[in-house]
Amino acid sequence: MGDVLAGIHATWEFESDALVIRFERGIRTPRLFQALRERRVPYEALSAATLAPGRRGTVVLHAVPRPGADPLMEAAAGQLKETCDPYRLALPADREELAAKLRDELAAVIPEGRPDPLDPVDRFDSGFLVAAPQGPISFKAYDGKATFDGTSEVSFRWSSTMATSEKWKTGDQVFPVRELSGVEWRTPDSPGGFLRLLPRGGAPRPERPDHDPASVVFGLGYGPVHDSLPFAAAVLAAIRAKDRAPVPAGARSAAHGDPGAIAERIRHLGELHRAGLVTDAEFSAKKTELLAEL
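Each residue of the sequence shown is one higher than the one before, starting from 71 at the first, in our numbering.
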């Protein structure tokens with residue numbers, strides 16, 4: 071498509087196969103946007119495009135993500151305020167005609183009638199279509215500090231003054247990602263916010279997050295959205311990556327030497343490289359390895 075649309079707090083660039091959202095870093099820009107910086111959203115990750123009146127003489131272009139396509143929105147579970155939704159672009163009302171044109175162009179390239187947007191080979195290792203925030207990543211909660219190494223381990227270190235006695239008795243916690251089944255995030259913008267890790271096996275757990283050693287709780291100034299939500303999304307993506315079954319040996323053998331299959335794998339590798347999931351050296355080495363299979 072090649073168009074660029076500059077709005078309030080963000081600029082949307084319409085590439086041939088994806089929508090690239092680049093967020094501003096001004097003092098009025100929501101801090102979640104500043105933390106995300108840039109997102110590359112394949113058109114297959116979208117289900118619709120809408121345009122509606124906004125507040126105070128603006129219109130809002132909304133690229134609606136498919137359920138399960140973006141770990142950030144999956145972790146948010148509908149709790150984000152509209153002003154903090156990274157898929158909504160506010161524009162001055164006098165740009166409504168241009169926004170309507172781009173809405174129609176965007177709608178035209180969104181696949182229709184496909185509940186499962188892409189085959190597994192076209193997804194990230196996590197199964198998502200949009201890359202998760204990259205680690206290591208950490209934030210300070212009300213009762214402790216949460217840290218994720220980016221791939222395999224989450225740790226909670228309790229505050230000496232804010233953590234409950236139940237948590238102090240259990241000591242600081244370390245959770246291997248392979249032993250987790252999910253993440254539950256409750257926004258700090260309302261009372262009772264927390265981040266809870268869900269261990270596999272369904273063992274009984276304390277109902278209250280402040281008594282659960284697999285949870286950290288939020289409070290005024292602790293666990294803000296721009297810190298805790300990207301954290302939750304990154305951990306969720308890592309859990310899904312551990313859950314995904316490896317490609318069967320027979321399938322790998324069938325693809326070996328097939329130019330079409332190898333080209334597809336190189337294309338997928340390029341997506342991972344652009345998303346920052348593989349380094350320049352890893353990309354070059356793997357690409358050379360794939361080309362050697364021809």
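Every residue gets a Cβ at the ideal spot worked out from N, C-alpha and C, and that includes glycine.
Spatially closest choice to residue i from the options, by CA coordinates
{"i": "Ala89", "options": "Arg275, Arg95, Ala115", "result": "Reading the sequence as shown, one finds Leu at residue 89 and not Ala. Closest option to Leu89, Cα to Cα, is Ala115."}
{"i": "Leu176", "options": "His79, Thr349, Ser86", "result": "Ser86"}
{"i": "Gly214", "options": "Lys357, Asp155, Asp259, Gly289", "result": "Gly289"}
{"i": "Ala147", "options": "Ala302, Gln243, Arg110", "result": "Ala302"}
{"i": "Leu131", "options": "Ala273, Leu75, Leu150, Ala139", "result": "Leu75"}
{"i": "Ala284", "options": "Gly241, His296, Ser230, Pro162", "result": "Gly241"}
For residue i, three-class secondary structure by DSSP
{"i": "Pro300", "result": "helix"}
{"i": "Lys151", "result": "coil"}
{"i": "Ser354", "result": "helix"}
{"i": "Gln204", "result": "coil"}
{"i": "Phe103", "result": "helix"}
{"i": "Ala216", "result": "strand"}
{"i": "Glu277", "result": "coil"}
Local Cβ density within 10 Å of residue i, reported as buried at 16 or more and exposed below that
{"i": "Thr257", "result": "buried"}
{"i": "Gly320", "result": "Here the model assigns Gly320 a pLDDT of 49, short of 50, so the residue's position is not dependable, and the following value carries that caveat. Flag for Gly320 reads exposed."}
{"i": "Arg136", "result": "buried"}
{"i": "Ala122", "result": "exposed"}
{"i": "Ser298", "result": "buried"}
{"i": "Arg173", "result": "buried"}
{"i": "Glu277", "result": "exposed"}
{"i": "Asp259", "result": "exposed"}
{"i": "Arg110", "result": "buried"}
{"i": "Arg322", "result": "Its pLDDT being 44, under 50, Arg322 is placed unreliably in this model, and the value from its coordinates should be taken loosely. The residue is exposed, with fewer than 16 neighbouring Cβ atoms inside 10 Å."}
{"i": "Ile97", "result": "exposed"}
{"i": "Ala333", "result": "exposed"}
Identity of the residues DSSP links to residue i by a beta bridge
{"i": "Tyr292", "result": "Gly289"}
{"i": "Trp255", "result": "Leu265"}
{"i": "Arg92", "result": "Thr81, Glu108"}
Give a yes or no on contact between the stretch 165-174 and the stretch 227-236, applying the rule of three or more CB pairs nearer than 8 Å.
no
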